[in-house]
């Protein structure tokens, strides 16, 4: 590393100009995603370790209602307590599954938490106030989609097969597998979880950087004022931009009044659940087949809610 | 321990360490602002410090857990000795492939984070992002830009917002302004008009949106090149260019080339 920094400092100024602006921008954008997301992923891993090793066993699970529907409702509003946006929720969800929560219930948490987290609610309120019901539709729509996903996957005959084999092995091992002090086990778990999450984050950031430079936003934005296309275009924008749910409301607001409210709602619902960086992170845990199903299901739901808002408004 | 197992064990800590070191170096050199909004600076540095403690701790205790840790993958290792099941043997190419991929990710990350000098977005990113497509209001908390008496503190973002909101050219005419930004041509009249542009960032460089104010200066390309950082001083007038879509432009300007500012984005 020192060698790399030294190389950079010793090379004459302008030696990297040959890379071209596009390559520079890809690197700047990818590094930006990494620097921005890394603290959240680490926070998510830390909370996941706390929940699995430092809370008494079953602390969370014991307190949840028995009825599956009520339990998922409870799980879906858990995110209000956790100011972690979507990247941090992936390690936390892994912890919940490893700790014994069903795959379906954990999905409910995963998709609801970034939308009901307190920072997201506050920033969405600051951006839109009560205008066009955007805030209410975002929260209620997010909870509805997350609970629907949970309900559908709770009917899956073999939920373990939704998970990657690597993560199934992690679950079989369980949090209490190893001897040693809690500090030891926590550090071991931090190390293992970062081995799963960090490569995904770095690859996801690189893909996000490349797509940003390769795909022109103009087309997507130009479609933003059409009742039908605004919904689909803004969902595509959400997928490409891969922006954190804590600030996505400000981002979309900055485009001014060119977009219809339904498109904005679809952007705010779809983005926190599915985008290019999230897919890379989720791939550590779920099979590709599961992710394709989830993406399709959530896209259809978000589009339906967005179109409904455009019809009403 | 096999090499692929070793890599699988340490790749997470290695990548975390790269990320943390890059964050700290950027913070020390004051270049964190090339990548994230200043409101995240403190949070990012605090989490980097916490991560640094965890990484050092995990490196220190890491080897203790080796035996019971990855017994699944351990079979791979025994497969190498010729004792293990066929299943284990079948996993080996996958493990090798994964290990090679991990090494590649670590190497590329190290080069991108440390060997390439940190740079803000270049103006070629404008091609993907509509200039002034988003120059409208930035949060309902921020008061809508209004034309006050004292406009001396107005940035490119403020003037661009005023112009985009449809402030009458007559109201703007005759007002003087000093604008700092980088040069990018007006695609409708590249010969006579260029924009002094900045990127507006809400979270990180990924969401950067360009804003710009038109400057009327025939044959500007003789003295300036695209991407140059400049300070332009002049007065607003109805745009003399017939081709440009900007109704107002800074006219009668003195353009002074400057070094790229340490805070290249506006917020």
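Chains as they are written, first to last, in the numbering used here: chain P, 1 to 313; chain G, 1001 to 1267.
C-beta atoms are modelled at their ideal positions from N, C-alpha and C, and glycine is treated no differently.
Rounded to a whole number of angstroms, what is the C-alpha to C-alpha distance between residue 37/P and residue 1253/G?
The residue you call residue 37/P lines up with position 37 of the first chain. The residue you call residue 1253/G lines up with position 253 of the second chain. When rounded, the distance between both Cα atoms is 42 Å.
Which of helix, strand or coil DSSP assigns to residue 96/P:
Position 96 of the first chain, counting from 1, holds the residue named residue 96/P. In the structure shown, residue 96/P sits in a helix (DSSP, three-state: H, G or I).
Members of the segment 1161 to 1193 of chain G that neighbour chain P once the beta carbon cut-off is set at 7 Å:
Within the segment 1161 to 1193 of chain G, no residue has a Cβ that lies closer than 7 Å to any Cβ of chain P.
Of the residues 1214/G, 1003/G, 1228/G, the one placed nearest residue 1192/G, counting alpha carbons only
Residue numbering aside, residue 1192/G sits at position 192 when the second chain is read from its first letter. Nearest C-alpha to residue 1192/G: 1214/G.
Looking at C-beta atoms only, is the number of pairs between the segment 203 to 218 of chain P and the segment 259 to 277 of chain P that lie closer than 8 Å three or more?
Contact between the segment 203 to 218 of chain P and the segment 259 to 277 of chain P is present: 3 or more CB-CB pairs across the two stretches fall below 8 Å.
Tell me the rounded alpha-carbon separation between residue 96/P and residue 75/P.
For the purposes of this step, residue 96/P is identified with residue 96 of the first chain, where counting begins at 1. For the purposes of this step, residue 75/P is identified with residue 75 of the first chain, where counting begins at 1. CA-CA distance, residue 96/P to residue 75/P, rounds to 11 Å.
Count the other CB atoms within 10 Å of the CB of residue 1219/G; is the residue buried (16 or more) or exposed (fewer)?
Residue 1219/G sits at position 219 when you count from the first residue of the second chain. So residue 1219/G ends up on the exposed side.
What residue does the beta strand (DSSP E) around residue 1121/G start on, and which one ends it?
In the second chain, the residue the question calls residue 1121/G occupies position 121. Element bounds for residue 1121/G: n/a, residue is neither H nor E.
Between which two residues does the alpha helix (DSSP H) containing residue 1250/G stretch?
Numbered from its first residue, the second chain carries residue 1250/G at position 250. Annotation for residue 1250/G: no alpha helix (DSSP H) segment contains it, though the beta strand (DSSP E) segment containing it runs 1248 to 1257.
Beta-carbon neighbours of residue 1050/G, restricted to chain P and to distances below 8 Å:
Reading the second chain from its first residue, position 50 is the one you call residue 1050/G. Chain order gives the chain P residues near residue 1050/G as 42, 46, where near means a beta carbon separation below 8 Å.
If you drop the 5 nearest sequence neighbours on each side, which residues of the same chain put their C-beta closer than 7 Å to that of residue 105/P?
Here residue 105/P refers to the residue found at position 105 of the first chain. Leaving aside the five residues that flank residue 105/P on each side, the residues in its chain whose CB is nearer than 7 Å to its CB run, in chain order, 71, 72, 75, 150.
Cα-Cα separation, residue 1200/G to residue 1211/G:
Here residue 1200/G refers to the residue found at position 200 of the second chain. Here residue 1211/G refers to the residue found at position 211 of the second chain. Going by the C-alpha atoms only, they are around 7 Å apart.
My assumption, with CB atoms under 8 Å, is that residue 1011/G sits in contact with residue 1106/G. Please give the rounded CB distance.
Taking the second chain and counting its residues from 1, one reaches residue 1011/G at position 11. Taking the second chain and counting its residues from 1, one reaches residue 1106/G at position 106. About 6 Å separates the beta carbon of residue 1011/G from that of residue 1106/G, a gap short enough to meet the 8 Å contact definition.
Could you check if residue 1141/G is buried or exposed, using at least 16 other CB atoms within 10 Å of its CB as the buried criterion?
Mapped onto the second chain, residue 1141/G falls at position 141. Bear in mind that a pLDDT of 32 at residue 1141/G, under 50, signals an unreliable position, so the number given afterwards is only what the model happens to contain. Exposed, by the Cβ-count rule.
According to DSSP, residues forming a beta bridge with residue 1178/G
As a first step, residue 1178/G must be located in the second chain, where it is residue number 178. Bridge partners of residue 1178/G: 1233/G.
Euclidean distance between Cα positions of residue 1037/G and residue 1267/G:
Locating residue 1037/G in the second chain gives position 37, counting from the first residue. Locating residue 1267/G in the second chain gives position 267, counting from the first residue. Their backbone Cα atoms lie some 8 Å apart in a straight line.
When the Cβ atoms of the segment 302 to 309 of chain P are set against those of the segment 127 to 145 of chain P, are three or more pairs found closer than 8 Å?
By the Cβ criterion, the segment 302 to 309 of chain P is in contact with the segment 127 to 145 of chain P, since at least three pairs of Cβ atoms, one from each stretch, lie closer than 8 Å.
Say whether chain G places a C-beta atom closer than 8 Å to the C-beta of residue 244/P.
Residue mapping note: residue 244/P aligns to position 244 of the first chain, counting from 1. Output row for residue 244/P: interface = yes.
Beta carbon of residue 242/P nearer than 8 Å to that of residue 266/P
Within the first chain, residue 242/P is the residue found at index 242, counting from 1. Within the first chain, residue 266/P is the residue found at index 266, counting from 1. No, these two residues do not count as a Cβ contact at 8 Å.
Starting from residue 300/P and walking both ways along the alpha helix (DSSP H), at which residues does that stretch end?
Walking along the first chain from the start, residue 300/P turns up at place 300. Element bounds for residue 300/P: 288 to 312.
Of the residues 1258/G, 1097/G, 1177/G, 1058/G, which one's Cα is nearest the Cα of residue 1248/G?
Mapped onto the second chain, residue 1248/G falls at position 248. Comparing alpha-carbon positions, the option among 1258/G, 1097/G, 1177/G, 1058/G lying closest to residue 1248/G turns out to be 1177/G.
Three-state secondary structure assigned by DSSP to residue 1265/G
The sequence position of residue 1265/G within the second chain is 265, counting from 1. Residue 1265/G carries a coil assignment under DSSP once its states are collapsed to helix, strand and coil.
Where residue 1006/G falls: helix, strand or coil (DSSP)
As a first step, residue 1006/G must be located in the second chain, where it is residue number 6. Correct three-state label for residue 1006/G: helix.
Using a Cβ-Cβ cut-off of 8 Å, state whether residue 1267/G counts as contacting chain P.
Locating residue 1267/G in the second chain gives position 267, counting from the first residue. It does not; no Cβ of chain P falls within 8 Å.
Count the other CB atoms, across all protein chains shown, that sit within 10 Å of the CB of residue 236/P; report buried if there are 16 or more and exposed otherwise.
Taking the first chain and counting its residues from 1, the one referred to as residue 236/P is at position 236. For residue 236/P, the number of other beta carbons within 10 angstroms of its own is at least 16, and it is reported as buried.
Out of 1020/G, 1204/G, 1183/G, 1117/G, which has the shortest C-alpha to C-alpha gap to residue 1222/G?
If you number the second chain from 1, residue 1222/G lands on position 222. Taking only the C-alpha atoms, the option nearest residue 1222/G is 1183/G.
Less than 8 Å separating the beta-carbons of residue 1234/G and residue 34/P?
Sequence index remark: in the second chain, residue 1234/G carries index 234 (1-based). Sequence index remark: in the first chain, residue 34/P carries index 34 (1-based). Contact check for residue 1234/G against residue 34/P fails: the beta carbons are separated by 8 Å or more.
Where does residue 292/P land, buried or exposed, given buried means 16+ other C-beta within 10 angstroms?
In the first chain, counting from the first residue as 1, residue 292/P sits at position 292. Residue 292/P is exposed by the Cβ-count criterion.
CA-CA distance, residue 98/P and residue 223/P?
Translated into the one-based positions of the first chain, residue 98/P becomes position 98. Translated into the one-based positions of the first chain, residue 223/P becomes position 223. As the crow flies, the alpha-carbon of residue 98/P is around 43 Å from that of residue 223/P.
Per DSSP, the bridge partner or partners of residue 1212/G
The count along the second chain starts at 1 and reaches residue 1212/G at position 212. Paired residues: 1197/G.
Whole angstroms are fine: how far does the CA of residue 210/P sit from the CA of residue 1206/G?
For the purposes of this step, residue 1206/G is taken as residue 206 along the second chain, with counting starting at 1. For the purposes of this step, residue 210/P is taken as residue 210 along the first chain, with counting starting at 1. The alpha-carbon atoms of residue 1206/G and residue 210/P are separated by roughly 11 Å.
The segment 113 to 122 of chain P in contact with the segment 242 to 251 of chain P per 3-pair CB rule at 8 Å:
Note that the segment 113 to 122 of chain P touches the segment 242 to 251 of chain P; at least 3 beta-carbon pairs, one per stretch, sit closer than 8 Å.
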